Every structure is written in C-alpha cells, then in structure tokens.
Amino acid sequence: GAVVSQHPSRVICKSGTSVKIECRSLDFQATTMFWYRQFPKQSLMLMATSNEGSKATYEQGVEKDKFLINHASLTLSTLTVASAHPEDSSFYICSGAGTMNTEAFFGQGTRLTVV
Amino acid sequence: GENVEQHPSTLSVQEGDSAVIKCTYSDSASNYFPWYKQELGKGPQLIIDIRSNVGEKKDQRIAVTLNKTAKHFSLHITETQPEDSAVYFCAVGETSYDKVIFGPGTSLSVIP
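Here you go:
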C-alpha cells in the first residue's frame, strides 16, 4: 500500500519552544491530511483536517494558533506545536488521503515530550 | 456527531482461542468501518475494513461482520497467536478516504 512517512518519531523539547512534525506521502499525492493526537492509554482524537492549498479545519477545542498546520504541497504537510507546554506531550499521528486512493494511510506517529 | 463505543476494553485469551471485539456507532450516514492494530509506540495499522454494502469480510484469521441496521460491527480473530497481542481500535467514517472517528480501544492479550 501507499506510504506516509512521518518525522521525527520522537522529540523532546523544552517548555516554551516550538516543534515541527512532518508528514510526507511517498508514492501518492495526499490532497487531504488528517492530524490526530493520542494521549497515553487513550484513543486517537482528530485534531484537524487540511486540504492542499487551503487553511486547515480544526476540531472543537483544538487551538489553531497553537497547532499550526501547513499543507502547501501534495506530498508534504507539517504540524507545528507552538510554544509547547508539558500538557502538549502526546503521540501525534498524521493520515493522508488522495483522490486516487481507496483509503487514508497513517504515518508512524511522533512521540512529543515537553519538559 | 458520531459516537463510537467499543467492548470489551481488555480481553485476555489463551493462544489458539478466538477473540471477538464489538463496536457500535450512532451515525447512520457512516459507510466505512476499519479495524486498526496498534503496537506500543507505533501508529495504527489497518488490518481489515468493511464497507456498508457488505455484511462480512474475511482475510485469513481475521474477519469483520457488519449489521448496518443495528449499527454495530465486530472483529473476529481465530487461532490467536502471542503476536496478536496489541491494542485494537475500531473506527467509523463516511468514506475510506475521509476522517475516521476511533473507538476507545481494546487491549488484547494472548497468553501462550
């Protein structure tokens, strides 16, 4: 199947700094990228949906000024956690879908730890 | 919005036995029902999915059944093996290339 490559797999940052997570669709064009967050021992919760070239749509309760999503190309979407705090520590996962795909493909996830 | 429930939250079976996990959903507009396996520290891996025009689908030891009228679907794993131990999530979406809403997950342990 198609591949979504997500980097980094793990990141530790100091409180107050910003962290960027990248998701690349390697063998298809991801017209839509979904970003999920998963806290320990919990399920995946959708944070936002981004379509290439458009502003992202955020789910209720997700701060758009804190979780900045860029989807400027059909093969790359980024999530920047601005001024991260310990409560932002979580597992972030992207999922990409293209017009020619029959399903959305998940990245490997990024474990963010804010200290 | 869509509400997805999943039971049981934990399941322990002996190696070789079968495991069944059930999910219910609320939105009748949903048409896509995937199941994901998640191992520790990794992203979810699609193991099987079913669409609303099909009642049952099987792939080797894994099968999924769907009752769209009752709004529930189930994952069946036969001849379980220790490597089947993981957290399993059901999910619900309108299409296979749309966002999905995840169930709360089931932690499956297969005892050798």
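Protein chains in written order, with my numbering: chain A, -14 to 100; chain B, 272 to 383.
We put the beta carbon where it would ideally sit given N, CA and C, even for glycine.
Remember, it's a predicted structure, so these values are computed and weren't measured experimentally.
Can you find a CB in chain B that lies within less than 7 Å of the CB of residue i?
i, result
"L31(A)", "yes"
"Q14(A)", "no"
"I78(A)", "yes"
"S(-10)(A)", "no"
"T87(A)", "yes"
"A(-13)(A)", "no"
"F24(A)", "no"
"F91(A)", "yes"
Taking the alpha carbon of residue i as the reference point, which residue from the options has its own alpha carbon closest?
i, options, result
"V381(B)", "I319(B), G374(B), E310(B) and Q352(B)", "Q352(B)"
"K293(B)", "F360(B), Y368(B) and S367(B)", "F360(B)"
"G92(A)", "W20(A), S3(A) and A69(A)", "W20(A)"
"V66(A)", "G81(A), C8(A), E48(A) and A57(A)", "E48(A)"
"S132(A)", "Q23(A), S35(A), S3(A) and T60(A)", "A question about residue 132(A) goes unanswered here, because the residues of chain A that appear run from -14 up to 100."
"Q23(A)", "F90(A), S75(A), L97(A) and T98(A)", "S75(A)"
"F344(B)", "R322(B), S280(B), S289(B) and D369(B)", "R322(B)"
"K339(B)", "T295(B), L379(B), D355(B) and E350(B)", "T295(B)"
Of all the CB atoms in chain A, is at least one closer than 7 Å to the CB of residue i?
i, result
"F373(B)", "yes"
"K329(B)", "no"
"Y368(B)", "yes"
"P315(B)", "yes"
"G272(B)", "no"
"G376(B)", "yes"
Residues in the same chain with beta-carbon distance under 6 Å from residue i, minus the five sequence neighbours each way, listed in chain order, please.
i, result
"A334(B)", "H347"
"P305(B)", "L317, D320 and A362"
"I6(A)", "L64, Y77 and T95"
"T16(A)", "E37, G83 and T84"
"C328(B)", "The sequence shown places Lys at residue 328(B), not Cys. Cβ within range, chain order: I321 and V335."
"K51(A)", "A67"
Is it right to say residue i is buried, meaning 16 or more other beta carbons lie within 10 angstroms of its own, or is it exposed?
i, result
"V371(B)", "buried"
"G287(B)", "exposed"
"K308(B)", "buried"
"V325(B)", "exposed"
"P315(B)", "buried"
"S35(A)", "buried"
"V358(B)", "buried"
"V103(A)", "The displayed coordinates of chain A run from -14 to 100. Any statement about residue 103(A) would go beyond what the structure contains."
"T377(B)", "buried"
"S58(A)", "exposed"
Ordered along the chain, which non-local residues of its own chain (more than five positions away) have a Cβ less than 8 Å from that of residue i?
i, result
"E365(B)", "A300, S301, N302 and Y303"
Among residues of its own chain, excluding the 5 on either side of residue i, which ones have a beta-carbon nearer than 7 Å to its beta-carbon?
i, result
"V99(A)", "C(-2), S0, A69, H70, P71, D73 and S74"
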